[in-house]
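The structure appears below as structure tokens.
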Amino acid sequence: MKIIRTLIIACLVLLASLGIAAKAWAFCGFYVAKADANLYNKTSQVAIARSGNQTVLTMANDYQGGVKDFAIVVPVPVVLKKEQVQVAKPSIIERLDAFSAPRLVEYFDPDPCPVYPQANEAFRDRVQAGAPQRPVPAPAAAASRGVTIEEKFTVGEYDILILSAKESGGLETWLIENGYKIPKGAKQLLQPYIRQKLKFFVAKVNLKEFDKAGFQKLRPIQMIFNSPRFMLPIRLGMMNAQDAQDLLVYVLSSTGQVETTNYRTVKVPSDTEIPTFVKNEFKNFYTSMFQTAYDREGRNVAFLEYAWDMANCDPCSATPLSRDELQDAGVFWLDNPPEQPSPLSFPFRRRPMPSSGVFITRLHVRYTRDKFPEDLMFHQTNNRELFQGRYVMRHPFLGEATCSQGKQYVRSLPRRFEQEAQTLARLTGWNIQDIRRKLPKIQAQALPWWEQLWTMLRR
């Protein structure tokens, strides 16, 4: 504990030496918890790497039931060849989630009584000097329904078809007849994609390949293609959305933040000071806070939870992805200048390269059958402003404070705790009395009469 407090003092001294207000806290806190995808019962995760018109899409396959029942149907803008599809490492989605997750950080108030400035200067110098600088269906059956099999191939544990269709009723019937378990009533949702002349990426598990490889769960599917459309089709996912579904989208861009164009992009509440007991209740805190923000903002909002250069983080909930991991996540432009896009095939060439030049945007969408009637449309910006969902706990100094500044500090704590309680109640909708019962108990000293008078006049 003494070491932690010493480091915090050093951080504050360093901020002061740089002319930064301590209230802003910079990002010198200690990371203690994160709000990752495991917080939500029904979550889909998608990673998109995009530069120019070229896209690499990675889909984490979240499904319920046996592997033999798994099937997905995804609209795609072009006919994909076998060399444009591969299975990705499950760890990539997990790493993107961990790196970009909203985080809880904590600070420890230093002793409010003066410390020797010489010691601070010496320690500051040491800190600065040592700071680190991180069964494929028969074609005849397809034709009878107005469905054309454009491509078919097997990749890893997946049997994949690329289909085109003339009308949604025929496609829905064909999929059901050929063993693809899609919800009834898909016709209405398939129709807009057929009108746009999109193709359909259809995948089922090849049980023989799955069993032979000894996999415990399905790996993500990754595809690469060229298209001016920068979008994510989510309407088909709504067919199964009886309850609220959470979608986490990790967008890796060569320019800056990525925003939705057909829906509002709103930052989650951030940089707020909350009571220290939240450390043991962070899961409940974040899910309640997100639900409150979701209810307040209304329909069709994409929440920005993280926007950062992939070369660093502060504070870090996980280390930045390595160069190899970035390539595994679909980043292709680090091998080639923007005017010379990567070939539309896997694998990417691997050569020494910097890990900068990649900006990550984490968007969190919650949808139900009656919300998000349109697919998500994105656009890349040059905005490289850093943002993170970040929640701050400040542990009070509970040692003996004998100096006048220390006594004033102790008297200020109840007011500070009340402000933190009010903030927590506003963010989460929790009962303020329940929150107050969990606050630290500080025996506040009576204010001198002149301070009491000043306080009354200020009101």
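Just so you know, the sequence shown maps onto residues 0 to 458 in numbering that gives the first Met the number 0. Backbone N, C-alpha and C define an ideal beta-carbon position, used for all residues, glycine too.
Using DSSP with H/G/I as helix, E/B as strand and the rest coil, what is residue i?
| i | result |
| --- | --- |
| Ser253 | coil |
| Thr291 | helix |
| Leu343 | coil |
| Pro74 | strand |
| Asp245 | strand |
| Phe152 | strand |
| Val66 | helix |
| Ile359 | strand |
| Ala118 | Low confidence applies to Ala118: its pLDDT is 40, below 50, so where it sits in the model is not reliable enough to give any reading. |
| Glu171 | helix |
| Lys198 | strand |
| Gln132 | Note on Gln132: pLDDT 36, under 50, position unreliable in the model; no value is reported. |
| Tyr39 | coil |
| Leu333 | coil |
Under DSSP, the beta strand (DSSP E) around residue i begins and ends at which residues?
| i | result |
| --- | --- |
| Phe224 | 220-225 |
| Thr42 | 42-50 |
| Tyr157 | 157-164 |
| Arg228 | It is not in any beta strand (DSSP E) - Arg228 carries neither H nor E in the DSSP assignment. |
| Tyr106 | 102-107 |
| Val391 | 389-394 |
| Trp307 | 300-308 |
| Lys278 | Per DSSP, Lys278 belongs to no beta strand (DSSP E) and is neither H nor E. |
| Arg435 | No beta strand (DSSP E) holds Arg435; the alpha helix (DSSP H) holding it covers 431-436. |
| Leu375 | 375-379 |
| Lys33 | 29-33 |
Identify, in the order they occur along the chain, each residue of the same chain with its Cβ nearer than 8 Å to the Cβ of residue i, setting aside the five sequence neighbours on each side.
| i | result |
| --- | --- |
| Thr172 | Arg144 |
| Asn381 | Thr254, Gly255 |
| Glu105 | Gly28, Phe29, Val31, Thr275, Lys278, Val391, Met392, Arg393, His394 |
| Gly169 | Arg144, Gly145, Val146 |
| Ala420 | Pro274, Ile431, Ile434, Arg435, Leu438 |
| Ala139 | Its pLDDT being 43, under 50, Ala139 is placed unreliably by the model, and nothing is read from it. |
| Leu423 | Ile273, Pro274, Val277, Phe284, Trp429, Ile434 |
Compare the Cα-Cα distances from residue i to each of the options and report the closest residue.
| i | options | result |
| --- | --- | --- |
| Gln85 | Val55, Pro109, Ala70 | Val55 |
| Ser90 | Ile220, Val300, Val204 | Ile220 |
| Pro76 | Glu156, Ile175, Phe224 | Phe224 |
| Ser316 | His394, Ile159, Tyr366, Glu93 | Glu93 |
| Ile359 | Arg383, Leu343, Arg365, Phe281 | Arg383 |
| Ser287 | Phe98, Gly428, Arg436 | Gly428 |
| Trp307 | Leu246, Ile175, Val357 | Val357 |
| Thr264 | Glu280, Leu251, Ala292 | Ala292 |
| Val250 | Lys41, Leu206, Gln53 | Gln53 |
| Tyr366 | Ser167, Pro111, Phe345, Phe302 | Phe302 |
| Lys67 | Arg295, Lys406, Asp210, Leu426 | Asp210 |
| Lys41 | Asn60, Arg49, Ser50, Gly51 | Asn60 |
| Tyr192 | Arg295, Arg322, Pro74, Thr153 | Pro74 |
| Ser252 | Phe377, Val300, Thr153, Met222 | Phe377 |
| Glu324 | Lys207, Thr271, Phe98, Glu208 | Phe98 |
Does residue i pass the burial test, meaning 16 or more other C-beta atoms within 10 Å, or should it be called exposed?
| i | result |
| --- | --- |
| Pro319 | buried |
| Gln387 | buried |
| Asp35 | buried |
| Ser43 | buried |
| Gly329 | buried |
| Leu189 | buried |
| Asp242 | exposed |
| Cys402 | exposed |
| Arg414 | exposed |
| Gln195 | exposed |
| Glu258 | buried |
| Asp245 | buried |
| Ser226 | exposed |
| Leu397 | exposed |
| Gln418 | exposed |
| Gln187 | exposed |
| Arg49 | buried |
| Ser344 | exposed |
| Ile175 | exposed |
| Arg218 | buried |
| Thr260 | exposed |
| Lys198 | buried |
For residue i, which residues in the same chain have their Cβ closer than 6 Å to its Cβ, ignoring the five residues on either side in sequence?
| i | result |
| --- | --- |
| Phe416 | Leu438 |
| Glu304 | Pro101, Val267, Arg361, His363, Gly388 |
| Val248 | Val45, Leu362 |
| Leu103 | Val31, Ala32, Phe281, Tyr390 |
| Lys203 | Ala70, Asp158 |
| Ser269 | Gly388, Arg389 |
What does a CB cutoff of less than 7 Å around residue i pick up in its chain, not counting 5 residues either side in sequence?
| i | result |
| --- | --- |
| Asp374 | Met230, Leu231, Pro232, Ile233, Arg234 |
| Leu38 | Lys282, Tyr285, Thr286 |
| Asp327 | Ala87, Lys88, Ile91 |
Taking residue i as part of the alpha helix (DSSP H), name the residues at either end of that continuous run.
| i | result |
| --- | --- |
| Arg322 | 322-327 |
| Arg263 | Element bounds for Arg263: not the alpha helix (DSSP H) but the beta strand (DSSP E), 263-266. |
Tell me, please, whether the CB atom of residue i is closer than 9 Å to any CB atom in chain C?
| i | result |
| --- | --- |
| Gly329 | This model lacks chain C altogether; it includes just one protein chain. |
Do residue i and the ligand NAP come close, with the Cβ less than 8 Å from some heavy atom?
| i | result |
| --- | --- |
| Gln53 | Inclusion of the ligand NAP in the displayed structure is not the case, the ligand content being empty and no account of it being possible. |
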